[in-house]
Structures are given as structure tokens and as C-alpha cells.
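Worksheet: the structure to be examined is printed underneath.
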Amino acid sequence: MALSNLASEISRRRTFAIISHPDAGKTTLTERLLRAGGAIQLAGNVRAKGERRRTRSDWMGIERDRGISVVTSVMTFEYGGCIFNLLDTPGHEDFSEDTYRTLTAVDSAVMVIDAAKGIEARTLKLFEICRLRDIPIITFVNKMDREAQDPFALMEEVSQALALDTAPATWPIGRASNFVGTYDLRAREVHVSVPLEQSDPRMIALGEELELVQAALPEWNRESFDAGHLTPVYFGSAMREIGVTDLLDALVSFGPQPRAQATDGRVVQADEPTMTALIFKIQANMDPNHRDRMAFARVCSGQLTRGMRVKHVRSGKQFALHTPQFFFARDRQLAEEAYAGDVVGIPNHGTLRIGDTLTEGEELRFTGVPHFAPEILRRVRLDDAMKAKKLRQALQELAEEGVVQLFRPQDGSPPIVGVVGTLQLDVLQARLAGEYGVGIGFESTPFSLARWVDGDKLRLANFVATNRTAMADDLDGDPVFLASSAFMMRRTAEMNAELRFVDIKQIG
Ligand code: GDP
0 MALSNLASEI SRRRTFAIIS HPDAGKTTLT ERLLRAGGAI QLAGNVRAKG
50 ERRRTRSDWM GIERDRGISV VTSVMTFEYG GCIFNLLDTP GHEDFSEDTY
100 RTLTAVDSAV MVIDAAKGIE ARTLKLFEIC RLRDIPIITF VNKMDREAQD
150 PFALMEEVSQ ALALDTAPAT WPIGRASNFV GTYDLRAREV HVSVPLEQSD
200 PRMIALGEEL ELVQAALPEW NRESFDAGHL TPVYFGSAMR EIGVTDLLDA
250 LVSFGPQPRA QATDGRVVQA DEPTMTALIF KIQANMDPNH RDRMAFARVC
300 SGQLTRGMRV KHVRSGKQFA LHTPQFFFAR DRQLAEEAYA GDVVGIPNHG
350 TLRIGDTLTE GEELRFTGVP HFAPEILRRV RLDDAMKAKK LRQALQELAE
400 EGVVQLFRPQ DGSPPIVGVV GTLQLDVLQA RLAGEYGVGI GFESTPFSLA
450 RWVDGDKLRL ANFVATNRTA MADDLDGDPV FLASSAFMMR RTAEMNAELR
500 FVDIKQIG
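The opening position of the sequence shown corresponds to residue 0 in numbering that gives the first Met the number 0, with each subsequent residue numbered one higher.
Below is the structure:
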């Protein structure tokens with residue numbers, strides 16, 4: 000493919016996530032975005048909640064039951080000449096590791112805020128992850144059709160809570176039940192759902208407020224936005240479909256294009272001619288009828304074509320991409336070609352793991368996909384001893400997917416699972432029962448902390464040998480030290496100062 004063509008395909012990719020506190024309106028906004036981008040596939044309701052209709056993106060029973068999103072999925076749609084890849088992040092904080100990995104695969108984030116509540120705990124946490132990675136953020140103040148805080152106060156709150164400049168991009172016209180639209184500050188256009196006379200009190204109020212806006216609030220600045228220092232603020236109501244196209248138009252006009260990505264060797268530019276991709280998510284049994292295992296790959300550079308043979312860098316083996324797939328709201332489709340920025344699903348039987356790199360032959364590994372040390376450790380108790388083999392395989396698969404972390408004690412005792420939040424244990428139990436027919440319970444372990452141990456080979460071997468009853472291997476066979484308390488962990492680290500005890504492991 001001609002390079003100019005490649006560059007133009009890549010420049011129209013917009014890959015983003017929505018971050019928000021539960022109930023701020025992420026699901027509703029997602030649905031509206033997909034509906035506005037009707038060209039590829041129409042959305043029904045994205046996710047069932049209460050009485051809402053169930054859809055196929057609603058993969059897991061547990062998600063349905065709890066009304067929370069615990070799977071990360073991708074939805075591709077087209078709008079304004081751009082191809083959007085919207086990555087869904089789990090809403091519950093127990094899935095922060097999954098969320099973190101998803102955010103490694105996006106180029107920008109839309110932060111949805113409830114206009115009455117302002118910045119909430121979960122929003123703040125997700126924002127901090129974005130800041131660590133310098134991901135530019137667009138703010139959408141939702142639910143302006145209800146009683147809301149004053150927009151000036153909201154702007155101030157966002158700016159204070161996040162230590163971020165806020166520049167209004169639109170301004171609300173009318174408030175609460177009289178909210179009818181937005182004024183686009185740069186285009187100087189009124190976008191309203193019903194025609195308004197200039198003499199309408201809402202227009203008069205708008206005129207007065209705009210004077211204040213111009214006098215008091217920072218102006219839009221592209222460089223500050225790209226660097227993650229400034230967020231443009233949009234006002235709207237996802238439910239009443241006000242302000243949604245403002246947001247999409249913003250992503251089209253200045254939403255960041257696919258970014259360069261760091262590897263262990265060099266920085267990979269998105270418009271390089273050869274293809275590279277990063278696996279950031281594994282999802283097993285997405286479709287109960289097919290029992291498949293999907294690796295989600297973000298194409299980081301070049302063009303991916305169906306049937307191409309790629310190098311799987313971790314194993315050094317060739318891997319043929321026979322059936323890469325795009326995901327839409329309610330369907331999937333073979334991806335004949337995909338470009339840097341796109342996210343495709345690659346069905347496989349366990350070869351691909353989180354953090355893996357695919358290239359056209361080059362020996363490089365993308366960095367920045369982490370494992371966090373678990374905060375809760377549990378031993379798995381099997382209900383039916385005849386199912387030990389099945390359990391072993393299921394745990395391996397679910398750990399590869401990132402549902403839990405798996406530690407195999409070196410003294411041969413039963414496996415230990417590690418999680419960041421207890422909801423992950425519920426998900427593990429439900430999925431073992433539902434997808435593998437294996438009933439389990441959990442037992443406490445003598446351990447409460449896990450750290451990866453790293454250092455000089457000989458010293459490490461020595462340490463492992465003398466602490467065998469507290470040593471385990473993780474999924475990759477890397478040594479993990481298990482401690483009964485924070486005190487023990489500190490003491491051990493002090494007594495072995497030449498070794499490193501780390502709580503974040505970089506994979507890939
Ligand atoms: P999520 O938990 O962030 O995905 O939030 P949802 O999209 O499920 O929305 C939570 C609740 O707020 C639901 O009852 C929605 O109908 C409601 N909601 C979402 N957007 C709006 C809005 O713009 N205005 C109003 N009044 N309600 C909204």
C-alpha cells in the first residue's frame with residue numbers, strides 16, 4: 000500500500016475510552032455515540048440494566064446480575080469520516096488492573112461527569128491513570144437536563160480536583176428542564192433542539208454568561224490539550240441527546256490520532272510501514288456457543304491484513320492471522336484490513352497473552368502493560384476432587400485472561416489466587432461454575448502479601464532455596480515471595496537488600 004494512503008488511513012483513526020464514576024451516564028452516552036455513528040452498525044442498548052433489553056455485548060451473567068460492567072470490550076463505528084474504536088472500561092474498581100491495561104491501548108479519554116455531583120472518587124482514580132500516561136482528556140458534563148451545579152462552579156471544581164486547566168468548548172443554553180442545547184464557543188454557533196427567539200430568556204442569559212466566560216475562563220489551547228494539561232469541557236444530556244454530536248465533532252477535529260508507542264528497544268511511530276500490535280486484553284468464552292478465546296490487539300503501526308503471517312515475539316514463532324475481527328455494538332465481522340489505532344480480536348487457543356507483541360519480524364516488545372501485586376490471596380478449594388485436572392486448566396486459562404493472578408507454591412501445595420478486589424473472586428467462582436462446570440470455594444492462606452523478587456541470578460537462587468515454603472511461581476514462571484504480614488515483608492526485604500521486591504511487574 001502506498002505510504003500516503005497508509006498515513007491518511009491512520010490519521011482518521013480515533014481510539015478512546017470513556018472514564019466515569021458509576022451512574023454518571025457512560026452506558027447511555029456510549030449508546031448515543033454508537034447511534035450517531037450509524038454507518039457501520041446500529042446500536043441497541045449497549046448493556047442491559049434493569050428492564051433494558053439485553054444485547055450481545057452483554058456477555059456475562061454476573062455483569063447482568065449486578066448491573067455493572069466487568070468486561071472490557073471494543074466497539075468500532077464510523078462518524079464524520081473517522082473510524083472510532085471505543086474501548087469499554089469496567090466500571091467497578093476491583094477491575095483496576097484491567098482498566099489500566101485498556102487505557103494503555105487508547106489515544107484519548109472522554110471523562111463523563113454527573114452535572115449534579117461533579118468529580119467523584121472513581122472518576123478521580125481513572126483520571127490519575129490517564130495522567131500517568133499523559134492521555135489527553137475531553138470532559139463531558141452530563142445530565143444538564145436535571146438540577147445541576149452552576150457551570151462556572153463545575154469548571155472550577157474540575158480544575159481544582161484534577162489540577163488541570165479547563166477550557167469550556169460549549170456552553171449550556173437553559174438549565175434543568177429548560178435545557179435545550181449548547182453554544183459552540185469556537186464556531187460561535189447555537190445548537191438547539193427547538194428554535195429559540197433572540198428574546199427568549201435563555202438566549203438573554205446566554206449572552207450575559209458568555210461575557211463572563213470570555214473574561215474569566217481559560218481559552219482552548221491545542222498544545223496543552225495534547226500534552227494532557229488542559230481539558231476542553233462540553234455540556235450535554237446523553238439521555239436527551241443534547242451535546243453528543245458536539246463531542247463527536249470534537250473527536251473528529253482534534254481527537255488525538257494514533258500515538259507513538261514505547262518498546263524495549265525504540266519508539267514505534269504509528270505511520271511506520273510495517274505492522275506491529277500489542278495484546279492488551281484476553282477474553283475467553285465470549286460467545287458461549289463458540290467457547291472461543293479472543294485476544295484483543297491494538298495495531299500500533301502499519302497495516303494489518305487478514306491472512307498475514309506475523310512474528311509472536313515472546314515465543315519467536317510465526318502466527319497466521321486467519322480471522323482477525325472487528326467488533327460492533329451487536330456483531331462482529333472479519334477484519335480484512337486494519338490500521339494503526341484499530342483494535343481487532345484475534346481468536347486463538349492460548350498462544351497469545353496479555354502484554355504480547357506481534358511484528359512482521361522485528362524483535363521488539365511493547366512496554367508499559369503492568370501486573371499489580373494482588374492485595375488479597377486465597378487458596379482454591381475444590382468441591383469435587385475428581386475435577387482437579389479440569390480446575391488446573393481452567394485456572395490457567397482464566398489467569399491468562401487476567402481475571403485473577405495465579406501463584407503456584409514451590410512446595411507443591413494447592414494453587415493460590417491473588418486479586419486486587421473481592422469482586423474478582425466472585426467472577427472467578429461464577430465463571431468456573433458457568434463455563435467449566437467446576438465448583439469451588441475459597442480458603443484463607445497464611446499469606447497476605449506477594450512481591451516479585453528480582454536481582455542477581457545466584458543470589459536469587461539462594462534466596463529461593465532458603466525460603467522455599469514462601470515461594471511461588473507466577474504464570475510466567477517468575478518467582479514471587481509470599482509474606483504473612485507487611486512487617487515480615489519489610490524485614491525480609493531489609494535482610495536481602497541486594498534483591499528487589501517489587502509490587503508492579505511490567506509485562507511484555
Ligand atoms: P453508567 O453507570 O455510567 O453507565 O450510567 P448509565 O448510563 O447507566 O446511567 C445511569 C442513570 O442515569 C440511568 O438511569 C440513566 O437513564 C440516567 N441518565 C444517563 N444520562 C442521563 C442524562 O443525560 N440525563 C438524565 N436525566 N439521566 C441520565
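Heads up, the beta-carbon is just placed ideally off N, CA and C, and yes, glycines get one too.
Fair warning: this is a prediction, and the values are worked out from it, not measured in the lab.
Secondary structure at SER484: coil, using DSSP grouped into helix, strand and coil. The three-state reading of DSSP puts GLN148 in coil, since its state is none of H, G, I, E or B.
If you draw a 10 Å sphere on the C-beta of VAL266, you find fewer than 16 other C-beta atoms in it, and that means exposed. Residue ASP270 holds the alpha-carbon nearest to the alpha-carbon of CYS299 among GLY315, GLN282, ASP270. Here DSSP, grouped into helix, strand and coil, assigns PHE224 to helix. The way I'd put it, the stretch 490-498 does touch the stretch 455-467; three or more beta-carbon pairs between them come closer than 8 angstroms.
With at least 16 other beta carbons inside 10 angstroms of its own, MET143 counts as buried. In the structure shown, ALA160 falls within a helical segment according to DSSP collapsed to helix, strand and coil.
The C-beta separation of ASP263 from THR181 comes to about 45 angstroms, leaving the pair out of contact by the 8 angstroms criterion. ASP473 is a Cβ neighbour of GLN404, given a cutoff of 8 angstroms. Within the model, the alpha-carbon separation for ALA1 versus SER7 is close to 10 angstroms. Straight through space, the alpha carbons of LEU209 and ALA261 are spaced by roughly 42 angstroms. Contact check for GLU399 against ILE281 passes: the beta carbons are separated by less than 8 angstroms. Across the set THR421, LEU153, GLU207, ARG308, the C-alpha of LEU153 shows the shortest separation from the C-alpha of PRO231. Each residue's CA atom was taken as its position, placing HIS370 and PRO150 some 39 angstroms apart.
Between PHE83 and ARG130, the C-beta spacing is not below 8 angstroms. The beta-bridge partner set that DSSP reports for LYS280 consists of PHE295. Counting other Cβ atoms within 10 Å of its Cβ, LYS25 reaches 16 or more and is therefore classed as buried.
For the stretch 418-479, the full-length alpha helix (DSSP H) segments reaching 4 residues or more read 421-435, 456-465 along the chain. Distance check between LEU250 and each of GLY417, GLU240, ARG221 places ARG221 closest, using alpha-carbon atoms only. Remark: the C-beta of ALA237 is in contact range of ligand 1, defined as less than 7 angstroms to any heavy atom.
Straight through space, the alpha carbons of GLY80 and GLU396 are spaced by roughly 39 angstroms. Per DSSP, the beta bridge partners of SER19 are VAL111. DSSP places MET74 in the uninterrupted beta strand (DSSP E) bounded by 73-78.
Beta-bridge pairing by DSSP links GLN260 to VAL267.
Here VAL109 is buried. Its C-beta has 16 or more other C-beta atoms within 10 Å. If you ignore the 5 residues before and after PHE325, its C-beta comes within less than 7 angstroms of the C-beta of THR75, ARG331, GLN332, ALA334, VAL343, all in its own chain and listed in chain order. When secondary structure is reduced to three states using DSSP, ALA214 falls in the helix class.
Nearest neighbour of SER236 by Cα position, chosen from ALA449, ASN4, SER447, LEU32, turns out to be LEU32.
Cα atoms of GLU119 and LEU161: separation of roughly 11 angstroms, rounded to the nearest angstrom. Per DSSP, LEU2 has no beta-bridge partner at all. Under DSSP, LYS316 shares a beta bridge with HIS311. In this structure, the alpha-carbon of ILE9 lies about 20 angstroms from that of THR101.
Secondary structure note for ALA339: it is in no alpha helix (DSSP H), with a DSSP letter that is neither H nor E. For SER236, the beta-bridge partners assigned by DSSP are ILE241.
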